[in-house]
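Working notes, beginning with the structure itself.
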Amino acid sequence: MAINNHPPGTQTDFDAVEVFLTETLVPEARNLRAVVERADDEGMPRIEVMPNHGKLLELLVQMIHARRVLEIGTLGGYSTIWLASGLQPGGTVVSLELEPRHAEVAAESIAAAGLRDRAEIRVGPALDTLTELGRSGADPFDLIFIDADKENIPAYIDAAVELARPGAVLILDNAVWHGAILNPDSADEAAIGVRRGLEAIGRHPRLTATAIQTVGSKGWDGFAIALVT
């Protein structure tokens, strides 16, 4: 149902709603503040998912009873912890991270959360690691979360589908990129990467997808979610 006769929200409104939703629905997020603080202390960019999005990842993992999750882009381990928290007993998150120091910090946070046995971080260029996973004959993944460098998103999507089981869920973060995806001639390579990634999802014969716009403390963005057939 459309909501009429209401003025558009401001950034202050978006921030306040985000706080309300987090405090009301995701109170456990306060237990993960140390993860964000540890990343801040290491000078990492503040680009981790927001608590409500992290909880969504956990719920999706739970809903499909995932045992194997692939994450492309670890950063400080914040989203890794949410993903691992939703796993079935014996499940594993395989998380790919380019920067060795980021991987070390993430491993510390994951261990502090009591999830060391549910997460494995592999360090190196993600495309190389994805190729290695394919060649190794690794068991297919039930859910794949892509939140890494945007320029390589189309290649990540192709590789992810090859590593996914039929019925798996694929999630692409930052799918709106502050609206910059609308410009096909943008000089922003990240925006072009996201746009091409969405186009790749839309035309992939094994993917059925949609995308949701979001607003919040990190501005205007969104995510795409796809079913692998």
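If you count by my numbering, then the sequence shown holds residues 63 to 291, one letter each, in order.
Glycine residues also receive a C-beta, built at the ideal position from the N, C-alpha and C atoms.
As the structure is a computational prediction, the values presented were derived from the model and not from experiment.
Next on the checklist: Buried or exposed for residue 220, going by 16 or more other Cβ atoms inside 10 Å?
Outcome noted: In the sequence shown, counting from the first residue as 1, residue 220 sits at position 158. Counting Cβ neighbours within 10 Å, residue 220 comes out exposed, since fewer than 16 surround it.
Item to check | Burial state of residue 204 (16 or more Cβ within 10 Å) | outcome: Sequence index remark: in the sequence shown, residue 204 carries index 142 (1-based). It is buried - the Cβ of residue 204 has at least 16 other Cβ atoms within 10 Å.
Next on the checklist: In whole angstroms, give me the CA-to-CA distance for residue 232 and residue 176.
Outcome noted: The count along the sequence shown starts at 1 and reaches residue 232 at position 170. The count along the sequence shown starts at 1 and reaches residue 176 at position 114. Computed Cα separation, rounded: 26 Å.
Item to check | Length-filtered (4 minimum) alpha helix (DSSP H) runs lying within the segment 105–184 | outcome: 113–125, 140–147, 162–174
Item to check | Helix, strand or coil at residue 228 according to DSSP, with G and I counted as helix | outcome: Taking the first residue of the sequence shown as position 1, residue 228 is located at position 166. Of the three classes helix, strand and coil, the one that applies to residue 228 here is strand, per DSSP.
Next on the checklist: With the cut-off set at 8 Å, would you say residue 260 and residue 286 are in Cβ contact?
Outcome noted: Here residue 260 refers to the residue found at position 198 when the sequence shown is read from its first residue. Here residue 286 refers to the residue found at position 224 when the sequence shown is read from its first residue. In this structure, residue 286 lies closer than 8 Å to residue 260 by Cβ.
Checklist entry - Given that a residue counts as buried once 16 or more other Cβ atoms are within 10 Å of its Cβ, and exposed if not, what is residue 123? => result As a working note, residue 123 is residue 61 in the sequence shown. When all chains shown are included, residue 123 counts as buried.
Checklist entry - Just to confirm, are residue 154 and residue 110 a CB contact at a threshold of 8 Å? => result Numbered from its first residue, the sequence shown carries residue 154 at position 92. Numbered from its first residue, the sequence shown carries residue 110 at position 48. Contact: no.
Next on the checklist: My output table needs one value for residue 249: the three-state DSSP class, helix, strand or coil.
Outcome noted: Counting from 1 along the sequence shown, the entry for residue 249 is found at position 187. Coil.
Item to check | Enclosing alpha helix (DSSP H) for residue 79 [first to last residue] | outcome: Here the question's residue 79 lines up with position 17 in the sequence shown. Residue 79 -> alpha helix (DSSP H) spans 73–87.
Checklist entry - Leaving out the 5 sequence neighbours to the left and right, which residues in its chain are closer than 7 Å to residue 241 when beta-carbon positions are compared? => result Numbered from its first residue, the sequence shown carries residue 241 at position 179. Same-chain partners within the cutoff: 282.
Next on the checklist: Would residue 145 and residue 159 be called neighbours here (beta carbons separated by less than 8 Å)?
Outcome noted: The count along the sequence shown starts at 1 and reaches residue 145 at position 83. The count along the sequence shown starts at 1 and reaches residue 159 at position 97. Going by C-beta atoms, residue 145 is not nearer than 8 Å to residue 159.
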